[in-house]
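Asker:
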Amino acid sequence: MTQGLEMRSVSKFYNAGSEKITALDRVSVKVEPGEFVAVVGPSGSGKTTFLSIAGALLKPSEGEVILNGQNIAALPDRQLSDIRLREIGFIMQASNLVPYLNVLDQLLVVKRMAGKVTSADKAFAVELLAELGLDKRMKNYPEELSGGEKQRVAIARSLMNDPGVILADEPTASLDTKRAHEVVSLIARAVRTRRKAAIMVTHDERLLSYCDKVYRMEDGKLSQMEPEPVRIS
Amino acid sequence: MFLALKEMRHSRTRFVMIGIILVLVSWLVFILSGLGNGLADLAASTFKNMAADYVVYQKGSKASMSKSLLSGELKADLLAMPSVEAASPMGIIMGSAVKESGDPEENKVDIALVGIEPGSFLEPAVTEGTGLDAGEPNFAIVNETMKNEGFGLGDTIILDGAPASLTIVGFVKNQTYNHVPSVFIPIETWRELAFAAPGSDKGLKDPVNAIMLQGKNIDPDAVSQRLPGTETVTRAQAIQGIAGYKEETGTIFMMLGFLFVISAFIVGVFFYVFTMQKSNQFGIMKAIGAKNGFLGKAVIAQVFVLSLISIAIGILLTFGTAAVLPKGMPFKLETNWVIAYSLVLLAIALLSSLVSVRTIVKIDPLKALGRVES
C-alpha cells in the first residue's frame, strides 16, 4: 500500500455558461510521507482547486486521487468528511480558528468531531502545543493571540488527528517575513519528524527553501521547478 | 453540547438578549393561560364542577340556560329512559344581593341565583356550614368568595328588586357562573323569584331552565327524539353554550396562538441570522472534518438550553406575578397547563431551529479555502 498522497492525471472542469473552463488539466503529483512540497503560481492558476481536490473538499472531473492507497476521487460526501477528519490536516489562511474556543479546545474539538476525547488525546494536544511553543497560551482565545500564534495553533490542530497528509493554504498570507519564516519552518519540522506528506500552496517564494520539491501551477497545469540552490534552514 | 455551551459562554450578551425575549414571551404565555383559566372558571365553574353528564335544554336554546325554558315535569320522563341514572332540574337567574345591615348605602354584589333540588346531585358539598334543606325555602349556600364582600354564615341576603331574603347557611368552593358567585337556593324559591311577573313562565308547569342528567351511556340524540321540543347536550357543550364563554376563551387562545407563532419566528430568525454570520466558521469546521450532524447538534443544543432556561425563568416570574396579583383577579395557574405550554414552547423553538440546521447542511466546506477573511 502506498502511503502519502498521489494524484493521477486529475482534471477539473467547470461550466461557465456555454464555455467549459479547465481549472485543472491532467495534474499528476506524488507526495511521500516526510516530504514537503510547495505549489506556487499566480492567482487563478488553479492552486485552490488543486488543494481542494487533494483535501477531499472537491471531487475531480477525471483522474484518481490516491490517499494512503485508497482512491477517494468518487467517494460520497459523508465519507469524504470522514477522510478529511482522519487523514487530512488543514492549515488555512489566518484567523480560521473557532472564536469561542481556547487554544486547547481548538485541538480537542477535532477529537470531539470523531467521537470522544480521552485523556491520551488531551496529553497529545498539550504535547503538540508545547512543541509549537504555545504551552503558555493554552487557555487563551484566538482574539488574544498574534497572527503567528494563531497559525501555530492551526498547525497543531492539523496534526491533532495524526493524519497522513498535511495541506497548507497560503499559511503565511497575513504574516510578516519573520513570522512567515517561523511558521513555515515549524510546518517543515513537523512534516519531517512526524512523517507527513505535506503540500503547501503559497505566493511567497521566499519560503520555498523549506520545501523538498516546488511545483508551479499555471493555467491548470502543474510542472516541477528546478530545485533552488540548497540553503540550510 | 461542547460547542454549544462554549459558544454561549463566549457570546454571552447576544444569548442573554435573545433569552430575555424568550423569557418575556413565555412569561406572557403563562400569564395569559392563567388568566384564561381563571376567566373560564369564573364564567363556568358551577357547570365545570357539576356532577352531571348531560344537560337537557329547550330546543333552539343553543345550550344556553338563559334561553331555555322547560317544564320540571319532564324529569319523570327522563328518569324512565334507558341509561339515565339520575335527573334533576336547575334554573339560573342573575341578581344582585345586599347584606342586611340597615345601612341603605350597603354595597350590592352581583350573584347568580341557582335553583336546585335540595339534596340532589346538583347540590355541591359545603366547605363550611350546612347544606340546603327542602323544608327551609330561604336557606342558601353561597360561593366562598362572598366572604370577601363581607358575608358570613347566618347573614341575611336581601335580593335587590325582589321581595325576598335568604339566609346563608353554608359556603361552597369554586362555584361561579357568568363571572359572579353562585348562590344555591331550593328550586321552588328560585321559581318564585324567576317568574315573579305573571305569564313569564309561559304557562309551563314547574318551569326550570334545564334538567341535568347523570349516566355515562346516555344517547343524547335518543333523548332529544323521545322528548320533542328538547335538545340534550354533554356538559362540555353546555359550558360552551354559556353566554360569552366561547368568545372569552377564544380570544385568549388566539393570543396564545399568536405568541407561539411569534416565539417560533424569534428563535428561528435569530438562529438563522446567527448561522449565516458564522457560515465561514462552519465552512472551516466542515473542512477539517466536522459532519453536519455535529454542527447541527450544536445549534439544536443551544436552542434547547436557551429555551429551557428562558421558560424556567418565565415560570418563576409567572408564579411571582401570581403571588402579587390582587385577590379578586381571575388568575388560576394549573400545573398541567404550565407543563403543556412549556413543552409547546420548547417544541416550537426546536422546530424553528431546524431552519438553521438546514442552512448548515448547505454550507460548502470549500468556503474555508482560498479566501482571505476580512
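In the order they appear, the protein sequences are chains A and B.
Each residue of the first sequence is one higher than the one before, counting from 48 in the working numbering.
Each residue of the second sequence is one higher than the one before, counting from 5 in the working numbering.
Backbone N, C-alpha and C fix where the C-beta goes; we use that ideal spot for every residue, glycine too.
Just so we're clear, the structure is a prediction, and the values are computed from it rather than from any experiment.
1. Give the DSSP bridge partners of B:PRO185, in chain order.
2. Within 10 angstroms of its Cβ, does A:SER166 collect 16 or more other Cβ (buried), or is it exposed?
3. Give me the Cβ distance between B:PHE34 and B:ILE270, rounded to the nearest whole Å; I'm assuming they're in contact under 8 Å.
4. Hey, is B:PRO185's beta-carbon within less than 8 Å of any beta-carbon in chain A?
5. With DSSP as the reference, label B:SER169 as helix, strand or coil.
6. Scan the stretch 183-223 of chain B and note each continuous alpha helix (DSSP H) run of 4 residues or more that stays entirely inside, going in chain order.
7. Give the interface partners of B:PRO369 over in chain A, defined as CB-CB distance under 7 Å, in chain order.
8. Below 7 Å between beta carbons is the criterion; list the residues of the stretch 320-338 of chain B that meet it against any residue of chain A, in chain order.
9. Between which residues of its own chain and B:ASP159 is the CB-CB distance below 8 Å, once the five residues before and five after are set aside?
10. Between which two residues does the beta strand (DSSP E) carrying B:TYR345 extend?
11. Kindly indicate the opening and closing residues of the beta strand (DSSP E) around B:GLY119.
12. How is A:ASP129 classed by DSSP in three states: helix, strand or coil?
13. Show which residues of chain A have a CB atom less than 9 Å away from the CB atom of B:GLU11.
14. For the candidate residues B:SER87, B:PHE19, B:GLU89 and B:MET94, whose alpha-carbon lies nearest to that of B:SER75?
15. For a contact meaning CB atoms closer than 8 Å, what does A:MET139 contact in chain B?
16. Report all residues from its chain with a CB closer than 7 Å to the CB of B:ARG375; omit the five preceding and five following residues, and keep chain order.
17. Please report whether the beta-carbon of A:VAL212 lies at a distance below 8 Å from any beta-carbon of chain B.
18. Between the Cα of B:GLY272 and the Cα atoms of B:VAL303, B:LEU329 and B:LYS220, which residue gives the shortest distance?
19. Which whole-angstrom value is the C-beta distance of B:GLY248 and B:ALA47, which I expect to be below 8 Å?
20. In its own chain, which residues sit with a C-beta less than 6 Å from the C-beta of B:ALA8, not counting the 5 before and 5 after it?
21. So, is the C-beta of A:LEU222 closer than 8 Å to a C-beta in chain B?
22. Please confirm if A:VAL152 has its CB atom under 8 Å from at least one CB of chain B.
23. Can you tell me which of the three DSSP states A:LYS77 falls into?
24. Is the CB-CB distance between A:LEU155 and A:VAL164 below 8 Å?
25. Do you know offhand how far B:SER378's Cα is from A:GLU196's?
26. Whole alpha helix (DSSP H) runs in the stretch 52-116 of chain A with 4 or more residues, listed along the chain?
27. Check distances from the C-beta atoms of the stretch 89-100 of chain A to those of chain B and list, in chain order, the residues that come in under 7 Å.
28. Distance check for A:PRO89 and B:LYS298, CA to CA, integer angstroms please.
29. Indicate whether B:LEU370 and A:LEU214 have their beta-carbon atoms separated by less than 8 Å.
30. Answer with buried or exposed for A:GLU273, where buried requires no fewer than 16 other C-beta atoms within 10 angstroms of its C-beta.
31. With a Cβ-Cβ cutoff of 8 Å, do B:SER92 and B:ILE115 count as a contact?
32. Distance check for B:ILE292 and A:ILE135, CA to CA, integer angstroms please.
33. Quick one: does A:ASP216 have its CB under 8 Å from some CB of chain B?
34. With a threshold of 6 Å on Cβ separation, who are the neighbours of B:THR193 within its own chain once the five nearest residues in sequence on each side are excluded?
35. Thinking just about the alpha-carbon of each residue, which of A:GLY91, A:VAL86 and A:MET139 is nearest to the one in B:ILE288?
36. Can you have a look at A:ALA63 and say buried or exposed, based on whether 16 or more other CB atoms are within 10 angstroms of its CB?
Answerer: Taking the definition as stated:
1. B:THR180
2. exposed
3. About 17 Å separates the two Cβ atoms, so there is no contact after all.
4. no
5. strand
6. 191-198
7. LEU104
8. none
9. LYS103, GLU104, THR171 and ILE172
10. Not the beta strand (DSSP E): B:TYR345 falls in the alpha helix (DSSP H), residues 339-366.
11. 112-120
12. helix
13. VAL145, PRO146, TYR147 and LEU148
14. B:MET94
15. ILE288, ALA291, ALA372 and LEU373
16. Its pLDDT being 49, under 50, B:ARG375 is placed unreliably in this model, and the value from its coordinates should be taken loosely. Taken in chain order, the list of residues that qualify is empty.
17. no
18. B:VAL303
19. 7 Å
20. ALA302, ALA305 and GLN306
21. no
22. At residue 152 of chain A the sequence reads Asp, which differs from the Val that was named. Yes, because at least one Cβ of chain B sits closer than 8 Å to the Cβ of A:ASP152.
23. strand
24. yes
25. Summary for B:SER378: the model assigns pLDDT 31, below 50, so the residue's position carries little reliability, and this model does not support an answer.
26. 94-101
27. THR95, LEU98 and SER99
28. Inspection of the sequence shows that residue 298 of chain B is occupied by Phe rather than by Lys. Looking at the two C-alpha atoms, the distance is approximately 36 Å.
29. no
30. exposed
31. no
32. 8 Å
33. yes
34. PRO141
35. A:MET139
36. exposed
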